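**Q** Next up is a structure, given as structure tokens.
4 protein chains.
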Amino acid sequence: MTSPESRPGLTRERVSAFADAILAIAITLLALELPRPEAEDFRDLGGFLGGHVSAFVAFAVAFLMLWSIWRVHHSLFDQLDRLSPAVLLLHLPMLLLVVLLPYATSIFGEASALAEDAAAGHALAVAMFAGTEAVLLLCQGFMIVLALRQRLHRPDADVDRLATNAWVYLGIGIFWVLTAVMTAWSAELVPFLWLATPLIGVGIARAVRIRRTLAARS
Amino acid sequence: MTSPESRPGLTRERVSAFADAILAIAITLLALELPRPEAEDFRDLGGFLGGHVSAFVAFAVAFLMLWSIWRVHHSLFDQLDRLSPAVLLLHLPMLLLVVLLPYATSIFGEASALAEDAAAGHALAVAMFAGTEAVLLLCQGFMIVLALRQRLHRPDADVDRLATNAWVYLGIGIFWVLTAVMTAWSAELVPFLWLATPLIGVGIARAVRIRRTLAARS
Amino acid sequence: MTSPESRPGLTRERVSAFADAILAIAITLLALELPRPEAEDFRDLGGFLGGHVSAFVAFAVAFLMLWSIWRVHHSLFDQLDRLSPAVLLLHLPMLLLVVLLPYATSIFGEASALAEDAAAGHALAVAMFAGTEAVLLLCQGFMIVLALRQRLHRPDADVDRLATNAWVYLGIGIFWVLTAVMTAWSAELVPFLWLATPLIGVGIARAVRIRRTLAARS
Amino acid sequence: MTSPESRPGLTRERVSAFADAILAIAITLLALELPRPEAEDFRDLGGFLGGHVSAFVAFAVAFLMLWSIWRVHHSLFDQLDRLSPAVLLLHLPMLLLVVLLPYATSIFGEASALAEDAAAGHALAVAMFAGTEAVLLLCQGFMIVLALRQRLHRPDADVDRLATNAWVYLGIGIFWVLTAVMTAWSAELVPFLWLATPLIGVGIARAVRIRRTLAARS
Numbered sequence: 001m002t003s004p005e006s007r008p009g010l011t012r013e014r015v016s017a018f019a020d021a022i023l024a025i026a027i028t029l030l031a032l033e034l035p036r037p038e039a040e041d042f043r044d045l046g047g048f049l050g051g052h053v054s055a056f057v058a059f060a061v062a063f064l065m066l067w068s069i070w071r072v073h074h075s076l077f078d079q080l081d082r083l084s085p086a087v088l089l090l091h092l093p094m095l096l097l098v099v100l101l102p103y104a105t106s107i108f109g110e111a112s113a114l115a116e117d118a119a120a121g122h123a124l125a126v127a128m129f130a131g132t133e134a135v136l137l138l139c140q141g142f143m144i145v146l147a148l149r150q151r152l153h154r155p156d157a158d159v160d161r162l163a164t165n166a167w168v169y170l171g172i173g174i175f176w177v178l179t180a181v182m183t184a185w186s187a188e189l190v191p192f193l194w195l196a197t198p199l200i201g202v203g204i205a206r207a208v209r210i211r212r213t214l215a216a217r218s
Numbered sequence: 001m002t003s004p005e006s007r008p009g010l011t012r013e014r015v016s017a018f019a020d021a022i023l024a025i026a027i028t029l030l031a032l033e034l035p036r037p038e039a040e041d042f043r044d045l046g047g048f049l050g051g052h053v054s055a056f057v058a059f060a061v062a063f064l065m066l067w068s069i070w071r072v073h074h075s076l077f078d079q080l081d082r083l084s085p086a087v088l089l090l091h092l093p094m095l096l097l098v099v100l101l102p103y104a105t106s107i108f109g110e111a112s113a114l115a116e117d118a119a120a121g122h123a124l125a126v127a128m129f130a131g132t133e134a135v136l137l138l139c140q141g142f143m144i145v146l147a148l149r150q151r152l153h154r155p156d157a158d159v160d161r162l163a164t165n166a167w168v169y170l171g172i173g174i175f176w177v178l179t180a181v182m183t184a185w186s187a188e189l190v191p192f193l194w195l196a197t198p199l200i201g202v203g204i205a206r207a208v209r210i211r212r213t214l215a216a217r218s
Numbered sequence: 001m002t003s004p005e006s007r008p009g010l011t012r013e014r015v016s017a018f019a020d021a022i023l024a025i026a027i028t029l030l031a032l033e034l035p036r037p038e039a040e041d042f043r044d045l046g047g048f049l050g051g052h053v054s055a056f057v058a059f060a061v062a063f064l065m066l067w068s069i070w071r072v073h074h075s076l077f078d079q080l081d082r083l084s085p086a087v088l089l090l091h092l093p094m095l096l097l098v099v100l101l102p103y104a105t106s107i108f109g110e111a112s113a114l115a116e117d118a119a120a121g122h123a124l125a126v127a128m129f130a131g132t133e134a135v136l137l138l139c140q141g142f143m144i145v146l147a148l149r150q151r152l153h154r155p156d157a158d159v160d161r162l163a164t165n166a167w168v169y170l171g172i173g174i175f176w177v178l179t180a181v182m183t184a185w186s187a188e189l190v191p192f193l194w195l196a197t198p199l200i201g202v203g204i205a206r207a208v209r210i211r212r213t214l215a216a217r218s
Numbered sequence: 001m002t003s004p005e006s007r008p009g010l011t012r013e014r015v016s017a018f019a020d021a022i023l024a025i026a027i028t029l030l031a032l033e034l035p036r037p038e039a040e041d042f043r044d045l046g047g048f049l050g051g052h053v054s055a056f057v058a059f060a061v062a063f064l065m066l067w068s069i070w071r072v073h074h075s076l077f078d079q080l081d082r083l084s085p086a087v088l089l090l091h092l093p094m095l096l097l098v099v100l101l102p103y104a105t106s107i108f109g110e111a112s113a114l115a116e117d118a119a120a121g122h123a124l125a126v127a128m129f130a131g132t133e134a135v136l137l138l139c140q141g142f143m144i145v146l147a148l149r150q151r152l153h154r155p156d157a158d159v160d161r162l163a164t165n166a167w168v169y170l171g172i173g174i175f176w177v178l179t180a181v182m183t184a185w186s187a188e189l190v191p192f193l194w195l196a197t198p199l200i201g202v203g204i205a206r207a208v209r210i211r212r213t214l215a216a217r218s
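Chains A, B, C and D supply the protein sequences, listed in that same order.
According to UniProt numbering, numbering within the first sequence proceeds without interruption in unit steps and concludes at 218.
According to UniProt numbering, numbering within the second sequence proceeds without interruption in unit steps and concludes at 218.
According to UniProt numbering, numbering within the third sequence proceeds without interruption in unit steps and concludes at 218.
According to UniProt numbering, numbering within the fourth sequence proceeds without interruption in unit steps and concludes at 218.
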């Protein structure tokens, strides 16, 4: 199973198993951070849940983000022959932010419920959440770029598709950095901007493919 | 170990390892949600535990449900040759609800202890718990249906048994949906209805087998 | 890797990976239950930690117990060719109690710190902890007995050693049941009895070997 | 995958999977211990986070330590042919301290925020954190020493590099023991000393290589 050329400490299987374990734990811990009703809240449980709807939205966004990080990581590693120390090193900030995501999600959810009373705190919480997601996306994008540059991929890997994925992740990552910056002006608007993420992803993928076709023709 | 035809990002082993990890973590986190006695509760610890018996019942129900989800998933994946994007996509709602189950279990357990004071909250908590379980069961059932339809199974797979399992899971899932709806009339009765789950499962399995025998004769 | 005769849903690797994951999570969650100092406790942190020494002892006992459960499970499964539904079913109570152990440990640790004020609660907490450990040990012992009876082991398995292990685990399990019963008379004494566990284990192992030698001679 | 000579209960894969799982869980639980703002803290969230900066530094130090423990373990186990009972036994204190590290990190972070009011508690908390890290490093170093002494490594293992790693880990471990002792005089200074850890590591690695070159010449 271990490819013969893998160097000690750089076996693909153990690195991806470790990343998967941390992703699985972080994704499950997200639910530990959901708002818990006190005894008196049970009289109007619907009202309580409705009042914390932003915490549930934050939970769903973070869940989808960790799920898609896992999907890209899985798909990338399935196409690699070996790992380089640089690819491994990129796991360090990525996993650090995966681990921090439940914390950022919890603070974002709580701050949104208190947005009117604490506007400055709300803006910082939104920026922290957007920043965490942004760096996660950028790490994922750079990991694909590095793997392609250092030719770590298998001979039969779909290089075009991997390159498209890299552009998509880097592009979405930069978009999230911009939304983090935008919280300085309007923190309330930012979560609505995030809804555009899938559209931006599809747009980048198309642009990359069109450019590739044009380049092939000329 | 990886079958030659598995596409990148669709390797059976890594998908089932990720699902297993999330199931294992969620099943263990269930115990974190059990009611903790305060210092003064230790004078009558038996009374405290007895007063929260519904939380322990909810814990046991959720534990059995996650265990059986793991069993079916394990048994299905052992008989698959490859995965399709559709089967993978069904993991998204399934794992989301696995992750939410400890939260729903905790709210159900607490609401049951306060049922008399907060009847409306209690009904909502029971409905949330039943709904979470229902969608989990339906996802599991649809996953088997999809795997059979898309012929992802190995040549030697026991197709009849898988089909029976699919009917059982879909049937039980619909039963849990109905109990979630029933909380609008009588939330206290619903947990007793759940006890019928194994009977309904056995009944559906028998009905499917009888129908199959009749179809084979004609 | 999967032996050819393993039936779907009974592959050794996935069952042991799931059990290992639950054991790893439960062993790590033990530390979440340790007593946390409040801001005012930091003025005399040594005193705070000393006042909760029983919680740290309970943590260490539970850690060692889960570690040794993992060791026996690992050693047993390495010698099995295949699994039977009965062996799989024994995992259900075993894993349920593994999941409950951090809870029982936390209650035992807290009750011990309050032993003087709440003697009845203390006795119940000690009995719960001892009972959880006892059933864990008995499940592990019965699992080995079943594997040997159903001849699930590999041709080259060390049957004598496995049988000795089974006797040791069943014997220690019964000893812990007895200590759980003894809490009705003297809950304070029981934790000191537990210290005899390694001695009892060694004693049973020796007795089994002597009897085997005698039986071989006659 | 399992090398033919591996004895039951000593398979490299399952031991490293168990260690990895515990490391992954402990590293993720670190974030659960981060200080959570109360509703009123959201008015000055930046001030709240700034006031608890020591908790975030402690989180980062513990994260890096667990990551590097995982790296060394991974790299060592990739070069081993088989395990010995002694190497396995060293996992017991190592994993115990991995599990305790989130607890020690949390107490260190909180104590640092209260350092002025509770100097004695602060010193003890710093010593506990340093001691936990020190024993972790020493266990890791001794594990490499043992593996080399008992010749558990593969024929193609880079013995010189493993030996260098052992010296580095033992040396850094002793340095952390010394910083734990130093808290008796000046607990505030100790965290700054920790920053020298990478320098000391590089220094030891160089010294070992120089000595080896000199020994090869003579």
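Yeah, the Cβ is synthetic: ideal placement off N, Cα and C, and Gly gets one too.
Being a predicted model, the structure only gives us computed values, none of them experimental.
#1: Is it right to say residue 11 of chain C is buried, meaning 16 or more other beta carbons lie within 10 angstroms of its own, or is it exposed?
#2: Considering residue 28 of chain D, what are the terminal residues of the alpha helix (DSSP H) in which it resides?
#3: Between the region 15-31 of chain B and the region 197-207 of chain A, can you find at least three pairs of beta-carbon atoms closer than 8 Å?
#4: Check the C-beta distance from residue 31 of chain B over to residue 99 of chain C and give it rounded, since I have them as a contact under 8 Å.
#5: Alpha carbon to alpha carbon, what distance is there between residue 69 of chain B and residue 215 of chain B?
#6: When you compare the CB of residue 11 of chain B with every CB in chain A, is at least one pair closer than 8 Å?
#7: Can you name, in chain order, every residue of its own chain whose Cβ lies under 6 Å from the Cβ of residue 1 of chain C, other than the five neighbours on each side?
#8: Report the residue from A:213, A:166, A:212, A:183 whose alpha carbon sits nearest the alpha carbon of residue 201 of chain A.
#9: With DSSP as the reference, identify every bridge partner of residue 153 of chain B, one or two as the case may be.
#10: Report all residues from its chain with a CB closer than 7 Å to the CB of residue 134 of chain A; omit the five preceding and five following residues, and keep chain order.
#11: Over the uninterrupted alpha helix (DSSP H) stretch that includes residue 102 of chain D, give me the two end residues.
#12: Beta carbon of residue 35 of chain D, beta carbon of residue 55 of chain D: below 8 Å?
#13: Taking beta-carbon pairs under 8 Å, can you tell me which members of the region 107-119 of chain B lie near chain G?
#14: Beta-carbon of residue 37 of chain D versus every beta-carbon of chain A: anything under 8 Å?
#15: Have a look at residue 73 of chain C and residue 13 of chain A and give me their C-alpha separation to the nearest angstrom.
#16: Taking a contact to mean a Cβ-Cβ separation below 8 Å, would you say residue 83 of chain C touches residue 159 of chain C in this structure?
#17: For residue 130 of chain D and residue 60 of chain D, what's the separation of their Cα atoms in angstroms?
#18: Using CA atoms only, rank isn't needed, just tell me which of A:140, A:188, A:149, A:185 is closest to residue 171 of chain A.
#19: Which residues in chain B sit within 7 Å of residue 28 of chain A, going by Cβ to Cβ distance?
#20: Where does residue 192 of chain B land, buried or exposed, given buried means 16+ other C-beta within 10 angstroms?
#21: Would you list, in chain order, the members of the region 71-92 of chain B that have their beta-carbon closer than 7 Å to a beta-carbon of chain C?
#22: Just the Cα atoms here: how many angstroms apart are residue 183 of chain A and residue 120 of chain A?
#23: What separation, rounded to the nearest whole angstrom, lies between the Cα atoms of residue 79 of chain D and residue 143 of chain D?
#24: Determine the chain D residues that contact residue 14 of chain C at a beta-carbon separation under 8 Å, and present them in chain order.
#25: Using a beta-carbon distance below 8 Å, is residue 198 of chain A in contact with chain D?
#26: In terms of alpha-carbon separation, which member of A:37, A:39, A:77 lies closest to residue 151 of chain A?
#27: Check each candidate in B:189, B:28, B:122, B:194 and name the one with the smallest Cα separation from residue 102 of chain C.
#28: Use the C-beta contact count for residue 26 of chain D: other C-beta atoms within 10 angstroms, 16 or more gives buried, fewer gives exposed.
#29: Looking only at C-alpha atoms, which of D:9, D:149, D:138 sits nearest to residue 85 of chain D?
#30: Of all the options D:53, D:146, D:46, D:123, which has the alpha carbon lying nearest to the alpha carbon of residue 88 of chain D?
#31: How about residue 169 of chain A: is its C-beta nearer than 8 Å to some C-beta of chain D?
#32: Residues in the region 56-67 of chain C with C-beta within 9 Å of chain D's C-beta atoms, listed in sequence order?
#33: Please list the segments of the beta strand (DSSP E) lying wholly inside the region 147-191 of chain B, counting only runs of 3 or more residues, in order along the chain.
#34: Taking only three categories from DSSP, how would you classify residue 44 of chain C?
#35: Between residue 173 of chain B and chain C, is any beta-carbon pair separated by less than 8 Å?
#36: If we define contact as Cβ-Cβ less than 8 Å, is residue 2 of chain A a contact residue for chain B?
**A** Reading off the structure:
#1: buried
#2: 12-29
#3: With a cut-off of 8 Å, the region 15-31 of chain B and the region 197-207 of chain A do not count as touching, because too few Cβ pairs lie within range.
#4: 5 Å between Cβ atoms; contact.
#5: 30 Å
#6: Closer than 8 Å: yes.
#7: Reliability of the predicted coordinates at residue 1 of chain C is poor, the pLDDT of 38 falling under 50, and the value obtained from them is presented with this limitation in mind. When the five nearest sequence neighbours on each side are left out, no beta carbon in the same chain lies closer than 6 Å to the beta carbon of residue 1 of chain C.
#8: When only C-alpha atoms are compared, the closest one is A:166.
#9: Residue 153 of chain B is bridged to B:80.
#10: 173, 176, 177, 180
#11: 85-113
#12: yes
#13: In the structure shown, chain G does not exist; the protein chains are A, B, C and D.
#14: yes
#15: 24 Å
#16: no
#17: 14 Å
#18: Of the candidates A:140, A:188, A:149, A:185, A:140 places its Cα closest to the Cα of residue 171 of chain A.
#19: 22, 25, 26, 29, 99
#20: exposed
#21: Within the region 71-92 of chain B, the residues whose Cβ lies closer than 7 Å to some Cβ of chain C are 71, 74, 75, 78, 79, listed in chain order.
#22: 10 Å
#23: 13 Å
#24: Ordered by position in chain D, no residue passes the 8 Å Cβ test against residue 14 of chain C, which lies about 12 Å from the chain.
#25: no
#26: Nearest option by C-alpha distance: A:77.
#27: B:28
#28: Note on residue 26 of chain D: 16 or more other CB atoms within 10 angstroms of its CB, so buried under the neighbour-count rule.
#29: D:9
#30: With distances taken between Cα atoms, residue 88 of chain D lies closest to D:146.
#31: Taking 8 Å as the threshold, the shortest C-beta distance from residue 169 of chain A to chain D does not fall below it.
#32: 59, 60, 63, 64, 67
#33: Entirely contained in the region 147-191 of chain B, not one beta strand (DSSP E) run reaches 3 residues.
#34: helix
#35: no
#36: The pLDDT assigned to residue 2 of chain A is 42, lower than 50, so where the model puts this residue is not dependable, and the model offers no usable value.
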